[in-house]
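Residue numbering for the sequence shown follows the working numbering, starting at 138 and increasing by one per position.
C-beta: ideal position from N, C-alpha, C; glycine also.
All of these numbers come straight from a predicted model, not from anything done at the bench.
Below: one structure, written as structure tokens.
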Amino acid sequence: MAKVIQAFRERYHGMKLYKIDDEYPEGDTDRVQYLTEQGFLEEKIDFEPSAPLNLEVFAALPAPEQKKLLADLGIDGDDGNVEKREALYSAYLASVNDDGDSDA
């Protein structure tokens with residue numbers, strides 16, 4: 138399910154009024170993506186990882202989920218495009234995987 142973040146009437150659901158915090162059904166993924174891009178919906182992350190996701194799994198997430206995950210982890214930086222988000226997450230993984238051992 139996607140969360141409504143801006144009220145709107147959905148013409149494909151008989152002009153149903155969706156209010157802020159309502160759940161929007163994700164049956165039509167193209168429509169959900171469009172409404173998310175237009176600022177009406179926020180897709181929910183359906184999982185709470187106990188361990189960090191590997192970079193490949195992170196890269197496969199949609200942009201809104203990547204940005205939310207970075208924010209939830211307290212990672213600040215320029216997340217304006219996919220390469221920058223992946224670089225931020227890669228740096229996070231490197232810091233988490235650093236076990237403190239050194240070859241020095």
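How is the beta strand (DSSP E) around residue i delimited, first residue to last?
{"i": "TYR155", "result": "153 to 155"}
Quick check: what's the CA-CA separation for residue i versus residue j?
{"i": "GLN143", "j": "PRO201", "result": "15 Å"}
{"i": "SER239", "j": "VAL233", "result": "Residue placement at SER239 is flagged as unreliable, the pLDDT there being 47, under the threshold of 50; the coordinate-derived value follows with that caveat. The alpha-carbon atoms of SER239 and VAL233 are separated by roughly 15 Å."}
{"i": "GLY164", "j": "GLN170", "result": "11 Å"}
{"i": "TYR226", "j": "GLU179", "result": "21 Å"}
{"i": "ARG148", "j": "LEU210", "result": "37 Å"}
{"i": "GLU223", "j": "VAL141", "result": "27 Å"}
{"i": "ARG168", "j": "LYS153", "result": "15 Å"}
{"i": "LYS156", "j": "PRO162", "result": "13 Å"}
Can you tell me which residues form a DSSP beta bridge with residue i?
{"i": "GLU180", "result": "ALA139"}
{"i": "GLU147", "result": "LYS153"}
{"i": "GLU163", "result": "Answer is none; GLU163 lacks a bridge partner."}
Among the candidates the options, whose CA atom is the shortest distance from the CA of residue i?
{"i": "ALA228", "options": "PHE145, ILE157, LEU190, LEU198", "result": "LEU190"}
{"i": "THR166", "options": "ALA139, PHE145, ASN218", "result": "ALA139"}
Could you spell out where the alpha helix (DSSP H) holding residue i opens and where it closes?
{"i": "ASP209", "result": "200 to 209"}
{"i": "LEU192", "result": "192 to 197"}
{"i": "ASN234", "result": "219 to 234"}
_Touching by the beta-carbon criterion (3+ pairs, under 8 Å), the stretch 173 to 182 and the stretch 212 to 223_ = Output reads no: the stretch 212 to 223 does not touch the stretch 173 to 182.
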